[in-house]
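Visitor:
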Amino acid sequence: MNQIIHEIKQIMEQNMHTYLPDVQKKDLEGNGAVFYMNGKNGTAFDWYVNEHLPYFYIFYNDKRNLGAAKLALYKDGNVVLYLFGDHGEQFIRDVYTSVNVSKDDVFRLAVTLKNEADDKGVWDADIDGISTDAEIGNMQVEEFCRQKEYMEPSINRIRIINQRGYLSKKIAEEGWKIGYMCRDEAINEYDSGWSFMAGNEEETYFEDPDHLLLVWVRDIYQMDPDILRYIDLPAGTRLIRISSHEFEEDDNSKPIYLEKNNL
Numbered sequence: 116m117n118q119i120i121h122e123i124k125q126i127m128e129q130n131m132h133t134y135l136p137d138v139q140k141k142d143l144e145g146n147g148a149v150f151y152m153n154g155k156n157g158t159a160f161d162w163y164v165n166e167h168l169p170y171f172y173i174f175y176n177d178k179r180n181l182g183a184a185k186l187a188l189y190k191d192g193n194v195v196l197y198l199f200g201d202h203g204e205q206f207i208r209d210v211y212t213s214v215n216v217s218k219d220d221v222f223r224l225a226v227t228l229k230n231e232a233d234d235k236g237v238w239d240a241d242i243d244g245i246s247t248d249a250e251i252g253n254m255q256v257e258e259f260c261r262q263k264e265y266m267e268p269s270i271n272r273i274r275i276i277n278q279r280g281y282l283s284k285k286i287a288e289e290g291w292k293i294g295y296m297c298r299d300e301a302i303n304e305y306d307s308g309w310s311f312m313a314g315n316e317e318e319t320y321f322e323d324p325d326h327l328l329l330v331w332v333r334d335i336y337q338m339d340p341d342i343l344r345y346i347d348l349p350a351g352t353r354l355i356r357i358s359s360h361e362f363e364e365d366d367n368s369k370p371i372y373l374e375k376n377n378l
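The sequence shown lines up with residues 116 to 378 when you count with the numbering used here.
#1: Contact defined as beta carbons within less than 8 angstroms: I believe residue 375 pairs with residue 285. What is the distance between those atoms, to the nearest angstrom?
#2: DSSP state of residue 210, grouped into three classes?
#3: What's the gap between the Cα of residue 238 and the Cα of residue 232?
#4: If I'm right that residue 127 touches residue 196 with Cβ under 8 angstroms, what's the distance once you round it to whole angstroms?
#5: Can you tell me whether DSSP reads residue 159 as helix, strand or coil?
#6: Of the residues 212, 244, 203, which one's Cα is nearest the Cα of residue 145?
#7: According to DSSP, what are the bridge partners of residue 167?
#8: Can you name the start and end residues of the beta strand (DSSP E) that residue 179 belongs to?
#9: So, under 8 angstroms CB-CB, residue 242 and residue 320 are touching, yes? Tell me the CB distance rounded to an integer number of Å.
#10: Which whole-angstrom value is the C-beta distance of residue 159 and residue 259, which I expect to be below 8 angstroms?
#11: With contact counted as at least three CB pairs below 8 angstroms, one residue from each stretch, are the stretch 175-183 and the stretch 131-146 in contact?
#12: Mark residue 308 as exposed unless 16 or more other C-beta atoms lie within 10 angstroms of its C-beta, in which case mark it buried.
#13: Specify, as a first and last residue, the run of the beta strand (DSSP E) that residue 321 falls within.
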């Protein structure tokens with residue numbers, strides 16, 4: 116077994132013993148087996164976009180089959196473990212630790228997992244059934260590195276979502292969907308350049324600076340996921356909503372489609 120996988124299993128098992136002492140192996144799927152959850156996006160996507168491997172899980176063995184432990188292994192070897200009681204319904208705590216290996220060791224594990232799981236059609240499986248100690252060569256490493264090129268749009272969108280933008284209070288407090296969104300040049304590394312308005316603000320509305328909020332773009336995305344496909348358009352972009360889920364470039368020929376979120 117790969118040394119990193121061995122350490123991951125120890126971290127999960129030891130912390131479950133400490134913080135979930137009443138949970139027995141018989142209560143867990145596969146008697147506490149650790150599952151590698153690559154089925155949603157795949158190893159390369161999570162590695163390049165989210166900067167960690169797909170999550171490692173231990174599940175409760177019941178009808179709901181919710182997680183008891185969820186572990187993220189980041190590129191630098193840092194680990195975040197989330198623990199859940201009440202058959203997965205109650206968050207207990209998170210644990211921050213690390214594995215005692217180099218960044219290159221973690222990278223080579225990522226390549227191995229892609230080759231031995233993703234490329235073989237093995238999804239969301241017990242980690243003991245994956246050859247995590249298989250040898251990998253330069254060809255496999257180079258092919259994994261080439262995957263980053265295809266991930267660049269997603270990487271860029273994640274970067275922007277973790278920046279800040281301006282939001283009209285009509286969206287935040289009155290429940291309007293975004294009707295107008297525009298992007299200017301960013302003023303610093305934390306600024307996305309984006310501003311989001313409902314589109315029905317009066318001309319004098321923004322004369323009151325309190326009507327414009329500076330917030331994380333990820334929070335705006337949570338309010339209105341329709342913006343995601345447009346979020347990486349360049350500075351100078353001016354978009355209006357034309358339907359419940361679509362925007363287009365504003366050429367002043369169409370009215371803004373106004374709609375409130377369903378509450």
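Glycine included, each C-beta is placed from N, C-alpha and C at the ideal position.
Just so it is clear, the structure is predicted and the values come from calculations on it, not from any experiment.
Guide: Answer, in terms of the structure:
#1: Between residue 285 and residue 375 the Cβ distance is about 10 angstroms, and since that is not below 8 angstroms, they are no contact.
#2: Residue state, collapsed to three classes: strand.
#3: When rounded, the distance between both Cα atoms is 7 angstroms.
#4: Residue 127 to residue 196, Cβ: 7 angstroms. Contact.
#5: Look at residue 159 here: in three-state DSSP terms it is helix.
#6: Answer by Cα proximity: 244.
#7: DSSP output for residue 167 lists 189 as bridge partner(s).
#8: Residue 179 -> no beta strand (DSSP E), and no H or E assigned at all.
#9: Cβ-Cβ separation between residue 242 and residue 320: approximately 55 angstroms, too far for a contact (criterion under 8 angstroms).
#10: Rounded, the Cβ-Cβ distance is 6 angstroms, consistent with contact.
#11: Flag = yes, the stretch 175-183 and the stretch 131-146 touch.
#12: Burial of residue 308 is indicated by the presence of at least 16 other C-beta atoms within 10 angstroms of its C-beta.
#13: It is not in any beta strand (DSSP E) - residue 321 carries neither H nor E in the DSSP assignment.
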